[in-house]
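**Student:**
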Amino acid sequence: MTEPEAPHRICVELPAPGPDGPVEAVALITLDRPEVLNALDSETMRQLVEALERLDADDACRCIVITGAGERAFAAGADIREMAEATPVSLTRVNTFARWEHIRRVRKPIVAAVRGYALGGGCELAMACDLVVAADDAVFGQPEIKLGVIPGAGGTQRLTRALGKAKAMELILTGRNLPAKEAEARGLVTKLVAREATLPAALELAAQVAAMPALAVMAAKEAVNRAFELSLEAGLEFERRNFLLLFGSEDQKEGMRAFVEKRAPGWKGR
Ligand code: CAA
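Numbering (our numbering), first residue to last: 153 to 422.
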């Protein structure tokens, strides 16, 4: 008996040159449940992680953009309908958190292109990305307290690291939404743009990253992320080791020779 086909939850556009689609070496993942503001049910998370892992292993892809379908949301959080009757046992069996752990371990940079709501798990997904391009009408927030729970996919940790305790505490304890302008002023957002410019700006930023030498990009991403996890001493040691390691790459020789020879470098990703 053949397995029933999984319902379509995301759309993946592989790296391909073209004016309307993703640019060279940039892949685009669109969360595609606009009728429920791209709520992240377990099938969406499964498909998202599967796509991210595939792209992470694909040499043709050097940066990934995640966005939400429709006009209203990046993602309005975990799927409340699916979660409403969950028990600790059912949640443990689905093991949602392992999926978030997979996202954290993606080595290639991920850019979130956020229009409209990025709430709960949607805000946590944006914060799990490395760069956030937000529309001026974007709204971030962790409203889980209003549902009788707390953020479960990193919100209490990442929002606090991003905004500091005083502001994160206010947002998480009251469930207040954080408008894009305030999110940018407080360091949660890389770049604030007009609504219609969000995806093009995210693709452009991703293209700039994708044009950099891939090994150095992955090492830099990992090192910056370690700044949130390690003591300063351990973080500096991690940075130094990666710096030294990159001197074993062809791209380091190429990058520095190209500078000396006053020409553009040709990266090999080795
Ligand atoms: N889960 C399931 N469905 C959702 C949803 C969610 N998180 N967010 C929105 N929807 C659905 C609505 O039920 C509605 O569906 P119907 O048309 O079938 O009724 C549709 O999307 C449109 O939403 P609204 O009618 O509510 O739109 P609105 O403009 O009145 O309000 C909103 C927009 C303020 C974002 C509101 O939808 C809302 O509050 N959504 C929930 C936000 C939230 O609490 N997110 C946190 C979820 S818990 C979590 O994420 C846990 C975690 O840490 C991982």
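Using N, Cα and C, we set each Cβ at its ideal position, and we do this for glycine too.
Identify every residue that forms a DSSP beta bridge with Ile232.
**Tutor:** Indexing the sequence shown from 1 puts residue 232 at position 80. Beta-bridge pairing links Ile232 to no other residue.
**Student:** Quick one: residues in its chain with C-beta nearer than 6 Å to the C-beta of Glu406, no 5 flanking neighbours on either side, listed in chain order?
**Tutor:** To locate residue 406, count along the sequence shown from 1; it is residue 254. Around Glu406: Pro417.
**Student:** For the beta strand (DSSP E) holding Cys113, just list the boundary residues, first then last.
**Tutor:** Since the first residue of the chain shown is 153 and the last is 422, residue 113 is not available in this structure.
**Student:** So is Asn190 buried or exposed if we call it buried at 16+ other beta carbons inside 10 Å?
**Tutor:** Indexing the sequence shown from 1 puts residue 190 at position 38. Asn190 comes out buried.
**Student:** Once DSSP output is grouped into helix, strand and coil, what is the label at Gly273?
**Tutor:** Sequence index remark: in the sequence shown, residue 273 carries index 121 (1-based). Note: Gly273 maps to helix in three-state DSSP.
**Student:** With a threshold of 8 Å on Cβ separation, who are the neighbours of Asp289 within its own chain once the five nearest residues in sequence on each side are excluded?
**Tutor:** Against the sequence shown, residue 289 aligns to sequence position 137. Taken in chain order, the residues that qualify are Arg267, Gly268, Ala332, Arg347.
**Student:** How many angstroms separate the CA atom of Phe226 from the CA atom of Leu271?
**Tutor:** Position 74 of the sequence shown holds residue 226. Position 119 of the sequence shown holds residue 271. Straight-line Cα distance between these residues: approximately 8 Å.
**Student:** Suppose the cutoff is 8 Å on Cβ atoms and the five residues either side in sequence are ignored; what does the same chain contact list for Ser401 look like?
**Tutor:** Counted from its first residue, the sequence shown places residue 401 at position 249. Cβ neighbours of Ser401 beyond the five flanking positions: Pro365, Leu367, Ala368, Arg422.
**Student:** Measuring from the CB of Arg233, is there a heavy atom of the ligand CAA at a distance below 7 Å?
**Tutor:** The sequence position of residue 233 within the sequence shown is 81, counting from 1. Yes.
**Student:** Just how far apart, CA to CA, sit Gly173 and Pro295?
**Tutor:** For this step, residue 173 is matched to residue 21 along the sequence shown. For this step, residue 295 is matched to residue 143 along the sequence shown. Residue placement at Gly173 cannot be trusted, given a pLDDT of 48 that sits under 50; what the coordinates show is reported in the next sentence. Rounded to the nearest angstrom, the two C-alpha atoms are 33 Å apart.
**Student:** For Lys414 and Ala177, what's the separation of their Cα atoms in angstroms?
**Tutor:** The sequence position of residue 414 within the sequence shown is 262, counting from 1. The sequence position of residue 177 within the sequence shown is 25, counting from 1. Rounded to the nearest angstrom, the two C-alpha atoms are 25 Å apart.
**Student:** Would the segment 230-245 and the segment 158-165 be scored as touching if the rule is three or more Cβ pairs under 8 Å?
**Tutor:** No, the segment 230-245 is not in contact with the segment 158-165.
**Student:** Rounded to whole angstroms, what's the CA-CA distance from Ala230 to Leu299? Just pull it up for me.
**Tutor:** Here residue 230 refers to the residue found at position 78 of the sequence shown. Here residue 299 refers to the residue found at position 147 of the sequence shown. Each residue's Cα considered, the two are about 12 Å apart.
**Student:** How long is the line joining the alpha carbons of Leu376 and Gly306, rounded to whole angstroms?
**Tutor:** For the purposes of this step, residue 376 is taken as residue 224 along the sequence shown, with counting starting at 1. For the purposes of this step, residue 306 is taken as residue 154 along the sequence shown, with counting starting at 1. The sequence shown places Val at residue 376, not Leu. Their Cα atoms are separated by approximately 17 Å.
**Student:** Given this structure, state the Cα-to-Cα distance separating Lys343 from Ala335, to the nearest angstrom.
**Tutor:** Taking the first residue of the sequence shown as 1, we reach residue 343 at position 191. Taking the first residue of the sequence shown as 1, we reach residue 335 at position 183. Roughly 10 Å separates the two Cα atoms.
**Student:** Considering only residues of the same chain and omitting the five flanking positions on each side of Met370, which have a CB-CB separation below 6 Å?
**Tutor:** Here residue 370 is taken as the residue at index 218 of the sequence shown, counted from 1. Answer for Met370: Arg259, listed in chain order.
**Student:** In whole angstroms, what separates the C-alpha of Val345 from that of Arg392?
**Tutor:** Here residue 345 corresponds to residue number 193 of the sequence shown, with the count starting at 1. Here residue 392 corresponds to residue number 240 of the sequence shown, with the count starting at 1. Those two C-alpha atoms are separated by around 35 Å.
**Student:** What are the residues that DSSP puts in a beta bridge with Cys163?
**Tutor:** Translated into positions along the sequence shown, residue 163 becomes position 11. Cys163 is bridged to Thr182.
**Student:** Buried or exposed: which applies to Ile302, given that a residue is buried once 16 or more other Cβ atoms fall within 10 Å of its Cβ?
**Tutor:** By one-based count along the sequence shown, residue 302 stands at place 150. Counting Cβ neighbours within 10 Å, Ile302 comes out exposed, since fewer than 16 surround it.
**Student:** Taking Cβ to Cβ, would you say Phe380 is nearer than 8 Å to Arg313?
**Tutor:** Position 228 of the sequence shown, counted from the first residue, corresponds to residue 380. Position 161 of the sequence shown, counted from the first residue, corresponds to residue 313. It is a contact, given that the beta carbons lie within the stated cut-off.
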